[in-house]
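Residue numbers (full-length UniProt numbering), protein chains in the order written: chain Y, 1 to 519; chain X, 1 to 592.
Each remark here refers to the structure printed beneath this line.
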């Protein structure tokens with residue numbers, strides 16, 4: 001604590017980034033190496049390629065067993081020789097399963113899965129940083145990655161080997177295996193999650209019997225994330241896999257899938273860290289709507305229900321998603337939701353945060369949306385008029401005012417008569433609203449008097465006056481607003497890989513696989 | 001409810017319901033929060049026949065509104081006509097208990113639990129219990145989760161056949177295939193066990209407990225640890241070994257650190273629940289392991305419990321157990337690599353001295369205290385300092401003062417103002433224990449230096465600290481040591497320091513009060529009055545505020561001849577705020 005910057009002297013609240021810069025320390029965690037007894041020193045075995053083919057299988061097994069030894073990577077000086085031997089062996093194993101044919105004999109499966117489970121399945125360590133913020137903080141990296149990476153690589157090669165037989169493997173790669181694999185998606189290490197994503201995608205493709213189970217477990221992970229912990233590092237990766245799974249759903253959609261959309265994907269929008277996975281989430285939602293347009297109305301109503309109230313950054317993301325949906329919406333569906341939707345949009349264009357207003361006003365640059373608006377101008381103009389008219393005079397930001405003028409002009413051209421009517425009745429309408437408000441106040445005043453004249457009740461209901469808990473946690477992540485909204489639309493092309501079928505046509509699975517790969 | 005009778009026509013339900021349906025969420029929320037008023041306007045009859053059906057049918061709204069509704073309905077018994085009609089409230093609450101948002105659901109369950117008490121035993125079986133069953137066998141996990149919280153409230157008051165059904169439902173939910181439901185069941189297991197007959201605790205609860213404690217998900221297993229406390233309390237001592245201990249031992253060595261953390265966190269409760277014999281044989285080694293756990297989180301949780309655990313050990317061989325089993329682990333934790341572990345330990349370690357007595361403290365604990373006072377992490381040092389009173393009772397603080405002083409000085413000058421703030425808060429305590437001489441000699445300068453800290457929060461705390469010191473050491477001490485230094489600051493070139501003078505005067509006057517009118521009139525008042533000519537408006541209006549505080553202590557002569565002219569001058573100041581506060585002072589002191 002020797003160097004204290006001038007700004008810290010002046011005010012104690014230094015910025016988070018500055019504090020972080022002071023402790024430039026690579027944090028690494030691992031709970032893999034646990035109370036095992038001290039590792040036995042490994043001795044190198046002969047190279048597989050040098051062994052006669054009759055002994056290769058036996059040697060392969062020995063090497064797999066050798067790789068079950070775990071080492072302490074916190075201590076960078078112990079067991080250096082053995083660590084190196086294991087690393088070299090793993091490399092050799094990776095090479096062996098990816099280049100050779102006929103090495104995956106039935107007896108090798110249990111040995112292989114045993115080696116994998118021993119190495120990768122573990123309880124993830126507590127986060128080094130109790131209030132880890134994935135958007136700001138550096139993740140804690142897995143200390144034993146030099147070995148673990150190779151084990152993941154090996155698992156992937158194993159699954160991709162042309163001789164790989166799911167019918168044999170399903171005895172080992174079972175529900176329990178998948179369950180443990182899914183838990184690892186909470187890893188803070190992005191490298192690990194990237195491997196897991198590819199691996200789970202392969203397993204989903206190859207093991208038909210596990211598909212329903214995998215979907216259900218992902219369901220549970222998301223529900224827990226939304227309603228219980230608000231913390232799970234692998235949401236984006238799981239959504240990416242789901243994006244390709246949804247793409248392959250057979251029509252008509254099963255009730256289970258629709259329920260997933262409405263009860264899991266839509267509520268996911270309430271998450272505090274939405275920015276981390278919004279692109280993938282919006283992609284999944286749009287996939288569903290492209291499959292089945294009749295879902296449009298419930299989806300948009302769902303989004304309106306969870307519309308952010310205080311977090312402008314999230315509001316911009318929601319608007320981005322709405323535009324994506326409008327891009328693929330059918331005109332008949334549009335008619336069903338235009339009223340509630342444009343009521344929200346009219347609030348957005350009047351938002352004092354200029355990025356929100358701007359994002360909403362950009363809708364008028366979209367040709368397709370414009371055509372939908374024109375078709376329904378009689379309904380939409382009355383909803384939008386008041387907000388637009390008001391902010392054209394009041395908004396603090398000149399860019400917004402300019403945009404609003406353009407929008408008003410466009411709308412006027414669409415229906416000039418209606419526009420004139422609305423302009424002339426604007427004042428009268430405002431006054432009518434004011435009067436209504438007064439009437440409401442009157443009503444409540446009368447009701448309150450009634451309440452006061454009844455002391456028994458007042459006492460009985462004293463609880464009712466307690467401040468209601470703030471249920472708005474989801475939306476109060478009101479930090480920096482300098483986001484570039486193109487980010488939210490920038491979807492990962494890889495995620496578009498299709499798993500082309502639901503359970504029904506297993507064979508076409510192989511076709512779309514190759515693009516989703518770990519680096 | 002008579003008041004409402006004649007007024008029905010005045011408040012047609014349509015108007016009220018319009019309010020509940022208003023487009024604006026905020027208005028809807030306001031209306032729902034006044035639901036009781038609406039119900040009152042409608043009268044009990046129409047509340048039952050019109051309002052409640054409406055609410056039940058239209059439950060699709062923002063969670064915020066639903067939360068308010070769920071809470072309101074819990075207090076609605078009188079508004080529907082008293083306990084005999086309370087079951088009318090069940091339909092809307094049942095719907096609320098199935099929504100996704102946890103906060104809403106929990107509130108609905110809370111209200112259901114509340115009104116369950118208002119049901120007659122018959123109504124409970126006819127209306128309430130069927131609702132619990134419906135929830136328990138709902139399709140979506142939310143209703144099943146809610147059901148878990150309702151079993152225990154109806155169980156004690158229903159017939160034995162219904163009891164059997166309830167037990168069966170609970171059993172089913174404990175093995176639900178959704179982890180959310182199993183978690184809900186596990187978290188209510190202890191509560192449910194408490195209302196069950198002992199035989200069923202042994203036959204039903206234990207097997208559920210064992211199953212949940214070995215669930216595949218650690219989030220379920222850790223909740224079983226909590227239940228363990230209640231269950232162990234219910235069982236007779238001789239059954240604990242066979243029914244509970246195997247599971248508890250397993251939990252203490254669980255492969256997931258979260259479960260071990262939970263065991264550490266609940267250790268004192270567990271210890272009390274299982275009794276002294278099992279504690280000696282099982283919990284002592286388990287506790288040692290937790291103190292040596294590989295995860296810092298677990299060690300910190302265990303370290304937090306060191307004092308409580310030792311306190312609750314059976315007295316006959318408490319000292320021996322601590323000295324041979326616990327203290328060696330504690331010694332290691334003092335130099336732990338993780339600062340949270342060390343600071344957790346530092347917050348309780350001083351408490352051991354009362355348990356171990358003077359000699360052991362001097363020989364074994366003192367070196368540890370001293371080591372922690374020199375720890376690199378300020379929080380550790382602070383925690384030691386904040387608990388000095390425990391040691392003071394046993395060996396007297398003098399033993400520590402040599403090491404204490406450098407630690408205090410270092411903390412007092414820490415670069416982080418929050419650390420400085422924390423140490424200031426302990427100053428009055430330290431002053432009390434170290435005595436006035438030691439204080440004047442070593443610490444007084446520090447206290448004065450804080451008054452000119454560059455962070456306002458520190459200056460404010462330092463001012464407050466002065467007040468407490470004056471309370472402790474008396475007005476005479478204040479006059480000799482504090483007042484001259486404070487008044488000296490009135491001429492400081494920095495206006496913030498000049499203001500600090502005023503703030504200090506405010507508090508000193510407050511504690512010296514009337515008997516020391518002399519100091520106030522002779523020494524402090526002239527300084528304050530002089531400052532009314534300050535060129536900074538902030539200082540001037542603080543003069544007005546100070547005068548308002550000093551005024552009551554002064555005699556009327558001083559008030560009229562000295563204070564009044566100055567305040568009048570300030571009341572015509574060019575600055576708005578100065579004027580305002582001057583006028584306020586004039587009216588409070590009644591000088592107008």
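The beta carbon of each residue, even a glycine, is placed where N, CA and C say it ideally should be.
Contact set between residue i and chain X, taken where Cβ atoms lie within less than 9 Å
i: residue 267(Y); result: 100, 101
i: residue 305(Y); result: 60, 61, 62, 63
i: residue 179(Y); result: 216, 217
Where residue i meets chain Y, residues with beta-carbon distance less than 8 Å
i: residue 180(X); result: 220, 223, 224, 227, 228
Per-residue contacts from residue i into chain Y (C-beta, under 7 Å)
i: residue 118(X); result: Correct list: empty, because the minimum Cβ distance to chain Y is about 12 Å.
Within chain X, the residues that residue i reaches when beta carbons sit closer than 8 Å
i: residue 263(Y); result: 100, 140
i: residue 123(Y); result: 218, 255, 256, 257, 258
Buried or exposed (CB count within 10 angstroms, at least 16 for buried), residue i
i: residue 454(X); result: exposed
i: residue 271(X); result: buried
i: residue 18(Y); result: Because the pLDDT of residue 18(Y) is 42, which lies under 50, any placement of that residue in the model is unreliable, and the number read from its coordinates should be weighed accordingly. Flag for residue 18(Y) reads exposed.
i: residue 167(X); result: buried
i: residue 420(Y); result: exposed
i: residue 542(X); result: buried
i: residue 163(X); result: buried
i: residue 561(X); result: exposed
i: residue 18(X); result: exposed
i: residue 499(X); result: buried
i: residue 281(X); result: exposed
i: residue 417(X); result: buried
i: residue 323(X); result: exposed
Within chain X, the residues that residue i reaches when beta carbons sit closer than 7 Å
i: residue 126(Y); result: 257, 295, 297
i: residue 448(Y); result: 37
Cβ-Cβ distance between residue i and residue j below 9 Å
i: residue 62(Y); j: residue 45(Y); result: yes
i: residue 126(Y); j: residue 490(X); result: no
i: residue 39(X); j: residue 47(X); result: yes
i: residue 394(X); j: residue 435(X); result: no
i: residue 235(Y); j: residue 249(Y); result: no
i: residue 267(Y); j: residue 292(Y); result: no
i: residue 589(X); j: residue 545(X); result: no
i: residue 317(X); j: residue 279(X); result: no
i: residue 355(Y); j: residue 401(Y); result: no
i: residue 189(X); j: residue 212(X); result: yes
i: residue 482(X); j: residue 509(X); result: no
Near the ligand GDP: residue i beta-carbon under 8 Å from a heavy atom
i: residue 158(X); result: Looking at this structure, you won't find the ligand GDP or any other ligand, since it has none at all.
Short CB-CB distance (under 9 Å) between residue i and chain C
i: residue 223(X); result: The structure shown has no chain C; the protein chains it does contain are Y and X.
Cβ pair count under 8 Å reaching 3, the segment 178–194 of chain Y against the segment 147–158 of chain X: These segments do not touch.
Contact between the segment 250–258 of chain X and the segment 229–237 of chain X (3+ Cβ pairs under 8 Å): A contact is defined here as three or more CB-CB pairs under 8 Å, and the segment 250–258 of chain X fails this definition with respect to the segment 229–237 of chain X.
Three or more C-beta pairs below 8 Å linking the segment 241–250 of chain X and the segment 110–124 of chain Y: The segment 241–250 of chain X vs the segment 110–124 of chain Y: no contact.
Validate contact between the segment 406–426 of chain Y and the segment 369–382 of chain Y using beta carbons, cut 8 Å, 3 pairs: Contact between the segment 406–426 of chain Y and the segment 369–382 of chain Y is present, because at least three Cβ pairs lie under 8 Å.
Within the segment 379–406 of chain Y, ranges of the beta strand (DSSP E) (whole runs, at least 3 residues): Segments of the beta strand (DSSP E) lying fully in the segment 379–406 of chain Y: there are none.
Stretch-stretch touch, CB-based, cutoff 8 Å, three pairs: the segment 150–163 of chain X with the segment 190–199 of chain X: Yes: the two stretches touch, three or more of their Cβ pairs being nearer than 8 Å.
Length at least 4, wholly inside the segment 438–462 of chain X: the alpha helix (DSSP H) runs in chain order: The alpha helix (DSSP H) runs of length 4 or more contained entirely in the segment 438–462 of chain X are, from start to end of the chain, 444–450.
Contact the segment 98–107 of chain X vs the segment 126–133 of chain X: 3+ CB pairs below 8 Å: Contact fails: fewer than three Cβ-Cβ distances are below 8 Å.
4 or more residues per run - each alpha helix (DSSP H) lying fully within the segment 502–553 of chain X: Whole alpha helix (DSSP H) segments, 4+ residues: 525–531, 537–550.
Three CB pairs or more closer than 8 Å across the segment 82–99 of chain Y and the segment 193–205 of chain Y: No, they do not touch.
Alpha helix (DSSP H) runs contained entirely in the UniProt repeat "HEAT" (283–320) of chain X, provided each spans 4 or more residues: Inside the UniProt repeat "HEAT" (283–320) of chain X, DSSP marks whole alpha helix (DSSP H) runs of 4 or more residues at positions 284–291, 296–304, 306–311, from first to last along the chain.
Stretch-stretch touch, CB-based, cutoff 8 Å, three pairs: the segment 280–290 of chain X with the segment 331–348 of chain X: Result no; under three Cβ-Cβ pairs closer than 8 Å.
Minimum length 4: unbroken alpha helix (DSSP H) runs contained in the segment 5–87 of chain X: Within the segment 5–87 of chain X, the complete alpha helix (DSSP H) runs of at least 4 residues are 13–20, 25–33, 35–46, 52–57, 63–73.
The segment 318–337 of chain Y touching the segment 273–284 of chain Y, judged by at least three CB pairs closer than 8 Å: The segment 318–337 of chain Y makes contact with the segment 273–284 of chain Y, as at least three CB pairs between them are under 8 Å.
Stretch-stretch touch, CB-based, cutoff 8 Å, three pairs: the segment 18–31 of chain X with the segment 428–435 of chain Y: Counting Cβ pairs under 8 Å, fewer than three are found: no touch.
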